[in-house]
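Sequence order for the protein chains is A and B.
Note that this note's numbering has the first sequence beginning at 1, numbered continuously upward.
Note that this note's numbering has the second sequence beginning at 1001, numbered continuously upward.
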Amino acid sequence: MRIEISGLTKTYRGGVAALDGLDLTVPTGMFGLLGANGAGKTTLMRILAGLVRPTSGRVTVGGHDMSTGAGRTAVQRGLGYLPQDLGVYPDLTARQFLDYLALLKGVDDRTTRRRRVGELLEVVALTGDADRRLRGFSGGMRQRVGIAQALLADPQLLIVDEPTAGLDPQERIRFRTLLSQFAGRRTVLLSTHIVDDIAQTCGEVAVLARGRLIFRGTVDELTHRARGRVWSVVTDGPPPAEGMVVSALPHEGGTRYRVVAPAAPDPRARPVEPAIEDGYLALTTR
Amino acid sequence: MRPLTLWRYEARRAGWAALLGPPIAVALGVSAALANPRPGDATTARILLGALEMAVPLAAGVACASLVGRDPAVELQLAAPTPYRVTLLRRMVVTLGWAAVVAGLTAAVLIATGWWARWPANHGPFAGQLTWVAPTAGLGAVGFAAGAVFRGPAAAGALVTTLWTIQQFFGDLAQRHLPGRLLYLFATTRGAVPGDWTENRLALLGAAAALVALALVVLARSERLIGEEDE
Ligand SMILES: Nc1ncnc2c1ncn2[C@@H]1O[C@H](COP(=O)(O)OP(=O)(O)OP(=O)(O)O)[C@@H](O)[C@H]1O
Ligand SMILES: [Mg+2]
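Okay, structure coming up:
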């Protein structure tokens, strides 16, 4: 499913322009969305999921026009959505919750529903807790229930808003691998603050800042943005004043700082190979 | 027709207020009848019918008022192909349906035991059921629509309760002009101008239908439900 966005603007009450004339095309496969807090990622995802209407601009998902009710319903039939703030019904068990959501997604056949729910509980490693009420679930377990519900109706488009927040490292890696396996000929739109998750899964990535697109390209291209801008400097004095300190590690004779800055922040600084996070930082801190 | 299981889930979502409200309302009415200090056939019968015409509708109205605005999974609901307003409507149907079961059974018992007939203005065992049907639908629809407009149970519940109280205490005022008479909730037990009763009951049902339609229109703007509105 291909997503085409042109001139998309969303202005909230109070005049906050969460999206400001955004043009973006999302192809099939895994696509990453990066951006600072408040950049407009959630707003974009809510528009694509049919929850929020744009103020202006045109959005089509798999050829369906999101400004019409029929278009939104058609998209929602093949949609899996994991919101940033996942709310669940605490009185239901994980199995009941998934069963209910499968019904809302139109899976009326009981046997199909049972099988699908069972499979997904297995996928998110919750089979053992399937018949416990969600009230007693930890944040990460709840998030896994959210992931399972997003996959319920075998979606053609999967929109996941910070899905790995609150997961332990094993689960996080398991989940992002699951996502890329799932992607295939489908479209997965992943927003996150964990830049590494995108590096490990997404071919392409877009970076938003204040509702505008400031980068769109491959992960390598994003990394290249930091070429010649990442420095390593060892000092026992104060950290370099220029640029953004990415890491500070104890080192013999002081501290080793990794710094993203347009020019050498210190005479002793030497350039180092950039990573994707450096590319993101080079792009967003000017 | 969607599977029964879906309706069962929606019944759970309607909540405890919807489940316990109507039986408690009837129980309070029966206790009030038992505690009546001046027992007499007509006054006791009036209290019993009043439980159906006043207490059950109030319980149903408050329960319907709590349907919109307290759904923790509202974002998942809005992203699902089943329209959320249809889901909310299902919850309202379940809520009012249960109130109807409780009120209908109570009415059957009152008819069987002869108490129904002891209130002179009872309008018979069949049409007389409008005694509770009309105000229950009316207040239920007020609660549902107010919930949709205010996006929260507190304000909606307060509106239902206020409306009910005003009609309780200023019933005579409400009866002075035709619109007030037509929308008076308690026409069976608190009296209606003779000849007005049927029109009053039908007007209440019509108003209920209009309010539900209004609520569905308001609920179509899904972003209001996640606390977002454009300028
Ligand atoms: N309901 C709302 N009413 C008014 N402004 C809003 C609303 N929701 C979001 N905004 C504003 O829109 C902008 C974009 O918000 P959005 O939630 O889309 O950002 P985000 O990129 O998802 O941020 P985060 O990384 O923190 O999740 C912010 O300035 C935010 O304050
Ligand atoms: Mg967000």
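All C-beta atoms, glycine included, are put in the ideal place defined by N, C-alpha and C.
query: C-alpha distance - Glu-277 of chain A paired with Ala-269 of chain A, whole-angstrom precision; result: 19 angstroms
query: C-alpha distance - Gly-1072 of chain B paired with Ile-1226 of chain B, whole-angstrom precision; result: First, the residue type needs correcting, since residue 1072 of chain B is Pro and not Gly in the sequence shown. About 10 angstroms.
query: Through-space distance from Ala-1100 of chain B to Val-1094 of chain B, alpha-carbon basis; result: 10 angstroms
query: From B:Phe-1144, B:Leu-1205, B:Ala-1042 and B:Ala-1154, residue whose alpha carbon lies closest to that of Leu-1214 of chain B; result: B:Phe-1144
query: Any non-hydrogen atom of ligand 1 closer than 7 angstroms to Thr-164 of chain A Cβ; result: no
query: Short-range partners of chain B found in the segment 50-70 of chain A, where Cβ spacing is below 7 angstroms; result: Gly-50, Leu-51, Val-52, Arg-53 and Thr-55
query: At least three beta-carbon pairs within less than 8 angstroms, the segment 1099-1115 of chain B to the segment 1172-1185 of chain B; result: no
query: Gly-32 of chain A beta carbon near ligand 1 (any heavy atom closer than 7 angstroms); result: no
query: Contact check, Thr-43 of chain A vs Leu-19 of chain A, beta carbons under 8 angstroms; result: yes
query: Option nearest Arg-210 of chain A by Cα separation, candidates A:Gly-80, A:Thr-9 and A:Glu-4; result: A:Thr-9
query: Cut-off 8 angstroms between Cβ atoms - residues of its own chain near Arg-227 of chain A, not counting five sequence neighbours on either side; result: Pro-274
query: Interface flag, Pro-1081 of chain B vs chain A, CB-CB below 8 angstroms; result: yes
query: Arg-53 of chain A beta carbon near ligand 1 (any heavy atom closer than 7 angstroms); result: no
query: Same chain only: Cβ atoms within 8 angstroms of Ile-214 of chain A, ignoring 5 sequence neighbours per side; result: Val-207, Leu-208, Leu-283 and Thr-284
query: Contact residues within the segment 94-113 of chain A, judged by C-beta distance below 8 angstroms to chain B; result: Gln-96, Asp-99, Tyr-100, Leu-101, Leu-103, Leu-104, Lys-105, Gly-106, Asp-108 and Arg-110
query: Status (buried if at least 16 other CB within 10 Å, exposed otherwise) for Ser-191 of chain A; result: buried
query: Any chain B beta carbon closer than 8 angstroms to Val-188 of chain A; result: no
query: Exercise answer, beta-carbon shell around ligand 2 heavy atoms below 6 angstroms; result: A:Lys-41, A:Thr-42, A:Gln-84 and A:Asp-161
query: Buried or exposed (CB count within 10 angstroms, at least 16 for buried), Asp-129 of chain A; result: buried
query: Contact belief for Gly-1152 of chain B with Gly-1021 of chain B at Cβ below 8 angstroms, rounded distance in angstroms; result: Not confirmed; about 19 angstroms, so no contact.
query: Leu-210 of chain A at chain B interface by Cβ criterion, 8 angstroms; result: As written in the sequence, residue 210 of chain A is Arg, which differs from the Leu given in the question. It does not: the Cβ of Arg-210 of chain A has no partner Cβ on chain B nearer than 8 angstroms.
query: Closest Cα partner of Met-66 of chain A within the set A:His-224, A:Glu-4 and A:Ile-147; result: A:Glu-4
query: Same chain only: Cβ atoms within 7 angstroms of Tyr-299 of chain A, ignoring 5 sequence neighbours per side; result: No answer is possible for residue 299 of chain A: the residues shown for chain A start at 1 and end at 286.
query: Any non-hydrogen atom of ligand 1 within 7 angstroms of Ala-1121 of chain B CB; result: no
query: Any non-hydrogen atom of ligand 1 within 7 angstroms of Gln-16 of chain A CB; result: It should be pointed out that residue 16 of chain A corresponds to Val in this sequence rather than to Gln. Checking the Cβ of Val-16 of chain A against ligand 1 gives yes.
query: DSSP bridge partner residues for Leu-1022 of chain B (one or two, in chain order); result: Residue identity check: residue 1022 of chain B is Pro in the sequence provided, not Leu. Its beta-bridge partners do not exist; DSSP assigns none.
query: heavy atom of ligand 1 below 7 angstroms from Gly-87 of chain A C-beta; result: no
query: Ser-247 of chain A versus Arg-216 of chain A: straight-line alpha-carbon distance, rounded; result: 26 angstroms
query: For Cys-202 of chain A and Arg-225 of chain A, the rounded distance between their alpha carbons; result: 17 angstroms
query: Cα-Cα separation, Thr-112 of chain A to Gly-106 of chain A; result: 11 angstroms
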